[in-house]
Each structure stands twice: as structure tokens, then as C-alpha cells.
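Here is the structure we will look at.
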Amino acid sequence: MQALMDLHTHTVASVHAYSTLTENAREAKKNGLEILGVSDHGYGMPHTTLPEYWHNIKVIPPYLEGVRILKGIEMNLYDMEGTLYEEELLDKVDYVIASLHLNTFKDDPNAISDYTDVYVHALERYPQITIIGHPDDGHIPLDYERFVKACKEHHVAVEMNCSSLMPGAYRKNARENQKAYLELCREYDVPVIIDSDAHMSVHVGVFDRAYEVLSELDYPTENVVNFSWGRLEELLGRAL
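With our numbering applied, the sequence shown has no gaps in its numbers, which climb one by one up to 245 at the end.
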């Protein structure tokens with residue numbers, strides 16, 4: 006299998022990442038990718054991008070180092086109503102990854118046993134959401150069947166996050182959780198996308214651990230966005 010794209014990557018603009026966009030693009034080219042999405046953290050996460058970053062994102066060229074560049078954002082789900090902290094940026098980017106990070110979440114995590122409503126409400130409110138980022142963290146429990154059905158209804162891809170699968174990753178039971186929602190994505194025909202969530206260029210397009218999970222499940226590659234420009238264009242709702 007040769008993936009053609011990696012849409013969840015970070016640059017030094019996210020502050021806690023360590024490579025430039027050009028360095029990421031070079032690594033993407035080396036690893037056989039044709040499309041690279043830059044999706045730095047929105048400013049709802051403390052100590053990451055500034056609003057000025059998003060006001061000037063137009064300067065990023067459509068190709069860099071021979072790789073098609075898409076301008077995305079990882080937005081922060083902020084509360085149980087599914088509010089996106091940076092919603093004023095929804096129409097300024099090519100795609101939106103909506104993610105829940107407990108360090109940016111307004112409501113008390115000690116009082117919440119199921120976060121499914123966060124995602125369901127967000128998908129109902131924001132048709133611009135393209136991908137749900139790392140819904141695999143056992144610290145953020147979900148009803149995966151209800152979650153996957155909502156993604157199907159709103160034509161949103163579910164992410165296989167490779168950072169979650171790395172040894173020592175802080176996300177809880179990620180491998181088991183990914184297997185659980187992959188089986189539901191297969192059942193309900195919901196698109197899956199593999200993303201590195203790279204915070205350094207050496208991880209861009211490195212999907213070996215995700216491939217292992219797919220192989221264990223004998224998962225159909227035609228349901229994985231990464232292997233087809235056409236599937237990505239279908240997800241984005243436009244030609245590239």
C-alpha cells in the first residue's frame with residue numbers, strides 16, 4: 006500500500022512542533038506522498054498559533070517541493086455543545102480537523118463519562134468539518150456506534166491517528182479503540198483517513214503502525230481516503 010496524502014501535520018507555528026512546512030514537504034516527497042496538509046493548531050490551544058498566522062495563510066503556495074499543499078487547521082472542540090473555539094476561521098481554510106483536547110476543554114472532565122454529544126453537536130453545527138481528529142483516546146470515552154453514525158450522516162472522515170499508536174503515547178487504549186471504530190466504519194461505510202499527526206518532519210507520511218492495524222482487520226483499502234485523490238476530492242467536495 007502506498008498512501009498519497011497526510012493531512013494532519015504540524016509545523017513550528019504550533020510551537021510544540023519542531024519542523025518547518027518546507028521540511029515537512031521534503032519529507033512527504035521522500036515518503037512518496039503527493040498531497041500534504043498543514044493543519045497547525047488553532048489558537049484555542051494555549052501557546053500555539055496566533056490569529057495573525059491565519060490571516061496570512063494565503064501566502065502558502067499550492068505546491069511546495071513538488072507536493073500539493075492543502076491549508077488546513079486543527080480546531081479545538083471547546084464544550085459539550087460542540088462549539089469550535091476558532092469558528093471564525095471555518096471558511097478561511099481548505100479543510101477542518103475537529104479535535105478534542107482536554108487541556109482546552111471548558112467543561113469539567115471529572116463530571117463527564119461520555120463525550121459523544123460533543124462530536125454529534127459539532128457535526129450538526131458545522132458542515133465545514135472534514136475530519137474528526139484522534140477519536141481514539143480512552144481518556145475521552147465515546148459511544149463509537151453513535152459517533153460513527155453521526156460521521157456518516159454528515160459525510161465526515163474518521164481519523165486513524167498514527168501518533169496515538171506510537172510507543173509511550175499519552176492517549177489511552179488507542180489501538181483497541183481504533184479497531185473498534187474501524188469495524189463500525191466498515192459496517193456503516195464511513196470513510197477512514199490515516200494521518201501522522203506529525204510534530205516533526207521525520208514522522209510525516211509514516212503509517213506503518215496504521216497499516217498493521219488495517220492488516221489485522223483485513224480492512225478494505227477502498228474505504229481509506231489516503232489511497233485515492235478521488236476519495237479526497239469527494240470528501241472535500243471539490244476538485245484539487
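Think of the CB as a built atom: it goes at the ideal place given N, C-alpha and C, for glycine as much as any other residue.
Subject >> Residue interval of the alpha helix (DSSP H) (run including G235) >> reply: W234 to L241
**OP:** Mark M80 as exposed unless 16 or more other C-beta atoms lie within 10 angstroms of its C-beta, in which case mark it buried.
**Re:** buried
**OP:** Sort Y100, K63 and L222 by Cα distance to A185 and report the nearest one.
**Re:** L222
Original post:
For the alpha helix (DSSP H) that contains L26, what are its first and last residues?
Top reply: L26 to K35
**OP:** State buried or exposed for T226, treating a residue as buried only when at least 16 other CB atoms are found within 10 Å of its CB.
**Re:** exposed
**OP:** Give the C-beta separation of L107 and H139 to the nearest angstrom, bearing in mind that I take them to be a contact with Cβ-Cβ under 8 Å.
**Re:** No, L107 and H139 are not in contact; Cβ-Cβ is about 12 Å, not under 8 Å.
**OP:** Take C190 as the anchor and find which of G71, I199, K154 and D119 has the nearest alpha-carbon.
**Re:** K154
Original post:
Quick one, are the C-beta atoms of D45 and S24 less than 8 Å apart?
Top reply: no
Original post:
How many angstroms separate the CA atom of Q133 from the CA atom of L237?
Top reply: 15 Å
Original post:
Straight-line CA distance for A215 to V195?
Top reply: 17 Å
**OP:** In angstroms with no decimal places, state the Cα-to-Cα distance between N115 and P51.
**Re:** 21 Å
Original post:
At which residue ranges does the segment 65 to 117 contain complete beta strand (DSSP E) runs of 3 or more residues, listed in the order of the chain?
Top reply: 72 to 81 and 100 to 104
Original post:
Buried or exposed: E164, going by 16 or more other Cβ atoms within 10 Å of its Cβ?
Top reply: buried
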